[in-house]
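To keep things clear, I will list the structure first and then write my remarks on it.
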Amino acid sequence: MTQDIFNYDITTYDVNDTIKLGELLGKYVDKGDVLLLSGDLGAGKTVFTKGVVTGLGSGDIARSPTFVIVAEYSARIPIYHMDLYRLSESTMFDNMFLEEYIYGNGLCIVEWPNQMSDIFPDYSIKIHIDHIDDVTRKINIQGLDSPHKNLSEKLKKFQV
Ligand SMILES: Nc1ncnc2c1ncn2[C@@H]1O[C@H](COP(=O)(O)OP(=O)(O)OP(=O)(O)O)[C@@H](O)[C@H]1O
Ligand SMILES: [Mg+2]
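Each residue of the sequence shown is one higher than the one before, starting from 92 at the first, in the numbering used here.
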């Protein structure tokens, strides 16, 4: 069976718009969803994550988990925020450990997923952020339409 992919592009012109977009996503994701956030250093992956965490109803503030690899926040479902940027320098880490989060009972948000791209499921939602200038970011969101129907419909209506 082939599944349709939704593919959505938007440009944000300040930090708050990126947070708002993250919040929208946070309202429509569910247990077992995986968000893969790619883009250069300083693109806005952690800023976007802050929005998702708030959108899920958490009072926690997302910050870069670079030195702990996984930060956990509590919300209507648990959130596991990972930054794989320094993965190759880490010796205490293996795939099994990551898979427990991916196939666990919360939402996984992964910065720098390309460090281990082959372990993420097909149904992951891919968010790519391009740095255009100081305040402008081009954001692309792709995912399988069927499990994320509400999300793709809401994204179409989202305006900055
Ligand atoms: N439209 C925008 N959307 C998001 N961030 C923006 C925007 N305009 C400016 N910024 C700034 O860009 C920076 C994004 O930083 P952030 O930590 O989110 O990047 P990152 O992609 O997580 O980087 P890293 O790979 O180092 O983790 C922040 O300082 C933020 O204020
Ligand atoms: Mg970051």
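Each residue gets a CB set at the ideal place from its N, CA and C atoms; glycine is no exception.
CB residue i to CB residue j, shorter than 8 Å?
i: I96; j: G234; result: yes
i: I200; j: I170; result: yes
i: L198; j: Y119; result: no
i: K245; j: L115; result: yes
i: Q94; j: D236; result: yes
i: I232; j: Y99; result: yes
What do you reckon, is the C-beta of residue i under 7 Å from a heavy atom of ligand 1?
i: A134; result: yes
i: D174; result: yes
i: V138; result: yes
So, for residue i: in the same chain, excluding its five sequence neighbours on each side, which residues have a beta-carbon less than 7 Å away from its beta-carbon?
i: G135; result: T109, I220 and R228
Rounded to whole angstroms, how far is the Cβ of residue i from the Cβ of residue j, which I believe are closer than 8 Å?
i: P156; j: D174; result: 5 Å
i: G117; j: G142; result: 7 Å
i: L112; j: F249; result: 6 Å
Given residue i, which residues of its chain have a CB within under 8 Å of its CB, disregarding the five upstream and five downstream residues?
i: Y104; result: V226, T227 and V251
Would you kindly report the start and end of the unbroken alpha helix (DSSP H) that includes residue i?
i: I170; result: Premise fails: I170 lies in the beta strand (DSSP E), I170 to D174, not in any alpha helix (DSSP H).
i: V144; result: K136 to G146
i: V106; result: V106 to Y119
Looking at residue i and ligand 2, is the gap between the Cβ and the nearest heavy atom below 7 Å?
i: E202; result: yes
Less than 6 Å between C-beta atoms, sequence neighbours within five positions excluded: which residues of the same chain meet that for residue i?
i: S215; result: V125 and L127
i: F139; result: T109 and G113
i: E202; result: L128, K136 and D174
i: T102; result: K229
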